[in-house]
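Accompanying notes for the structure given below.
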Amino acid sequence: MSSQSIVIPRRSFLAGLGLSVGTLALGLGLEPAYAQAATTAPVAGLTPNVFLHLAPDGTVTVLCHRSEMGQGIRSSMPVLVADELGADMAKVKLGQADGDKKYGDQNTDGSTSIRMGFDGMRRVGATARMMLIAAAAKQWKVPAAQCEAHDHAVFHPPSKRRLGFGELASLAAKVPVPKDTEIVLRPRSELKRIGTDLPLLDGPDIVTGRAIYAADVRLPGMLTAVVVRPPVVGGRVERYDATRARALPGVKRVLELPVPKRPFRFQPLGGIAVIADNTWTALKARSLLDITWAPGDNSSYDSVKYRETLLASVRKPGKTMRNVGDIEGALAKAARKLEAEYHVPHLAHASMEPPAAVARVDEKGCEVWACTQDPQTARDDVAKALGLDPAKVTVHVTLLGGGFGRKSKPDFIVEAALASRAVGAPVRLQWTREDDIQHDYYHSTCSQHLEASLDAQGKVTGWLHRTAFPSITSTTQDANITFGQPRELNQGVLDWPLAVPNLRAEVCEAKGHVRIGWLRSVHNINHAFAINSFIDEIAHARGVDPRANLLEMIGPARPLGLSELGVPALSNYGSPIDQHPVDASRLRRVVERVTELANWPAYQKDAKSGTRTRALGLAAHRSFVSYIAVVAAVVKAPDGKIRIDEAWIVADAGTVIHLDRVKAQMEGAVVFGMSLALHGAITMRDGAVQQSNFRDYPLARIGEVPRNIHVDIVPSEGRPGGVGEPGVPPVAPAIANAVFALTGKRIRELPLSRTGLV
């Protein structure tokens, strides 16, 4: 959190930048479709679209419509626009867009910002470039084809004339905006900054404390609110006594919040809000509330017992979602059959910054400042809760101290708006770490059952995979849904490129009892753990090098169509399958590269010598249309505990913009994945979460982090893939496979802390 705060008067952020809220809306959906139309700039200069404005002094303002939470999107997207425009980054100013449908999809989730916006944001820059060139050509009375834009100016090489972007801004504003079919992008060779180590534009403010997070926002007359929520999802207040809380000096209001209805989606959980002059008073008053809870339908939920329910579910046939060949025949004819079961518990997001939002509700509407990943959903949900037209709700996006999917859900923002309306003053709604851990949208617990058939020569002839997990849609759409949905099974079950002649994937029944949400890489965490662990088990059962076995099971370099995958359709993370096929060659490449960097052959030689004190584990996964492989090295510490000594991660994410940020994302993914593998476990008893803070939901500490995390990014000019999430899934199975190689103990359930090994 920053050491400074900011006092913000009521104003439109766009207007503050000199940009019109009525300028051209350019759509940015799954595949950007940019509608072009002429606009009138609200100030002198060129505003060809809602993302870009060029002032007469040469300043280029680029609006970032996605949320910055450490992944570097505010340092990447402007560079992409500037390269296409030909702008000098020293003259580029960055703005943050408010929540508004005119920006297209603003949900910073699913590793979509670059992979879905790459072409569209290039078109933003190209549109302005073409208009500047047209204006210069008209001024010089020369063909536009003879002109070029670079170094923040338009040049006419034959006559050696030059006009700066600022000089051309007003003239270019009068040029017709090119039609969508007329926009010409630069050759990739001219995008000089793409794929290089670029500055982190927010870095200086972050390290000096000037960066503004939600909790840093200060408004005149602002109060602070905290909420005590039902310990069980679906519970409600039966009775409460706030006498002692109201008696505390500085307490302004004790407010009972609405009881949510199923499906819970992003509604606040209900409970009692305490609104006071400051945070300390609000928290103290909250502790003085006397509340009796009606626990609701989920009060019998016990996550330990539920594990057995899930395992029982996957031991029976489920719904067939992927089928190739004859798995029953392969298993019946097998010379040898292997089977194993795996389990992953609920997980919490535990972002460094707990949720916070500031809301001001008055006769004009509602204005919000929040650490949100999805300002449009926040806007809609606040409007619904207050009974307002969404046009009267403004959501400003602050920096996020981590998000991982939690801050796509605006329940905490709605709480702030309800509190502000109740007291008629601005309110900062603050969650504590305990609130965050105990009232999260938890990663879904999952059990899996896998079987493999081997023939007399030891070749794998069959693969059966069953998975059961409470679906996210049971929280967001329909509480009665009890099966994982195709989009969730796409995450490692339906799209793993297995070269096995007979395979089947089934989804089995699982009922949700808590709020389930997406967490960094979502169901890939569960599925990558089971698949990579089982492939490693197969390797050892066959007596084959795990690397060779993994490559054999991936099969030859090839793109896999739907028929070879054995599925009727594939959501493919929202990307067309023809643009982002399931590509075994790319998965093979990262496996080969990461084992080369980790000196895998030398490890194998050491393993055969019988003197090994250090072991390597390997795992690979495709998610968010990127390909990642991880090797983890583990050693036994003097106290007998296992320690992760070193890690290598190789990523093929297609074209990358900000190389340093991509490397940082991979390093962060290793540490994030380590936390899940070593410690991550949320448990429920009588429907309530048993953990409350880092003392009982620990993250990886600095002493546990590998002494070296080696990152390698595969050079590529292919279409961009995801980056923020794909690094996480292979980490846990790589660690688990390394632990087996060193100790002979097979890890089939996370976290490792439950085994006594770490």
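Residue numbers for the sequence shown follow our numbering, beginning at 336 and rising by one. Where a beta carbon is used, it is the ideal one built from N, C-alpha and C, also for glycine. Everything numeric in this text was worked out from a predicted model, so none of it was measured.
Asked	Found
Integer-rounded CB distance, given that Tyr908 should sit under 8 Å from Phe959	5 Å
Alpha helix (DSSP H) runs wholly inside the region 537-567, at least 4 long, in chain order	538-543
The region 721-734 contacting the region 691-706, beta-carbon criterion three pairs below 8 Å	yes
For Asn884, the residue or residues it bridges with in DSSP	According to DSSP, Asn884 bridges with nothing at all.
Runs of beta strand (DSSP E) lying entirely within the region 771-835, each at least 3 residues, in chain order	781-789 and 795-803
Proximity below 7 Å, CB of Gly585 to CB of Glu841	no
Every unbroken beta strand (DSSP E) inside the region 979-1003 [3 residues or more]	none
Rounded C-alpha distance that separates Leu498 from Leu381	15 Å
Neighbourhood of Asp532 by C-beta distance below 7 Å, restricted to the same chain and skipping five residues each side	Leu994 and Asp995
Environment of Glu419 [buried if 16+ CB atoms lie within 10 Å]	buried
Status (buried if at least 16 other CB within 10 Å, exposed otherwise) for Pro832	buried
The region 999-1019 contacting the region 822-832, beta-carbon criterion three pairs below 8 Å	no
Any 3 or more C-beta pairs closer than 8 Å across the region 669-688 and the region 1012-1020	yes
CB of Ala919 within 7 Å of CB of Arg947, strictly	no
Distance between Ile518 and Ala480 (C-alpha atoms, nearest Å)	13 Å
CA-to-CA distance, Val649 to Met888, given in whole angstroms	23 Å
Secondary structure, alpha helix (DSSP H): runs of 4+ residues fully inside the region 469-544	500-507 and 538-543
Own chain residues within Cβ distance below 7 Å of Ile866, not counting five before or after	Gly827 and Trp831
Spatial distance of Arg457 from Val416 (CA atoms)	5 Å
N- and C-terminal bounds of the beta strand (DSSP E) containing Thr627	Asp625 to Ala629
Bridge partner(s) assigned by DSSP for Ser920	The partner list for Ser920 (beta bridge, DSSP) is empty, contrary to what the question assumes.
Span separating the alpha-carbon of Ala368 from that of Met412	Any answer about Ala368 is weak, because its pLDDT of 25 lies below 50 and its placement is not dependable; what the coordinates show is given next. Roughly 17 Å between the two C-alpha positions.
Secondary structure of Ala1023, DSSP reduced to three states	strand
Check whether Asp709 and Phe601 have beta carbons under 7 Å apart	no
Same chain only: Cβ atoms within 6 Å of Ala954, ignoring 5 sequence neighbours per side	Asn867, Val965, Pro1065, Pro1068 and Ala1069
Endpoints, alpha helix (DSSP H) assigned at Asn861	Asn859 to Arg877
Collapsed DSSP secondary structure at Gln765 in the structure displayed	strand
Cα-Cα separation between Thr559 and Ala608, rounded to whole angstroms	10 Å
Proximity winner among Val929, Thr396 and Asp813, relative to His1096 (alpha-carbon distances)	Only positions 336 to 1093 of the chain appear in the structure, and residue 1096 is not among them; the question remains open.
Own chain residues within Cβ distance below 6 Å of Arg714, not counting five before or after	Gly434, Pro725, Val728 and Val730
One or two residues paired with Gly606 in a DSSP bridge	Leu592
Cα-Cα separation, Val655 to Ile851	According to the sequence provided, residue 655 is Thr. The question's Val does not apply to it. The straight-line gap from Cα to Cα measures roughly 23 Å.
For Glu674: DSSP bridge partner residues	Glu786
Assigned exposure category for Arg877 - 16 Cβ within 10 Å defines buried	buried
Reduced DSSP secondary structure (H/G/I, E/B, other) of Asn1072	helix
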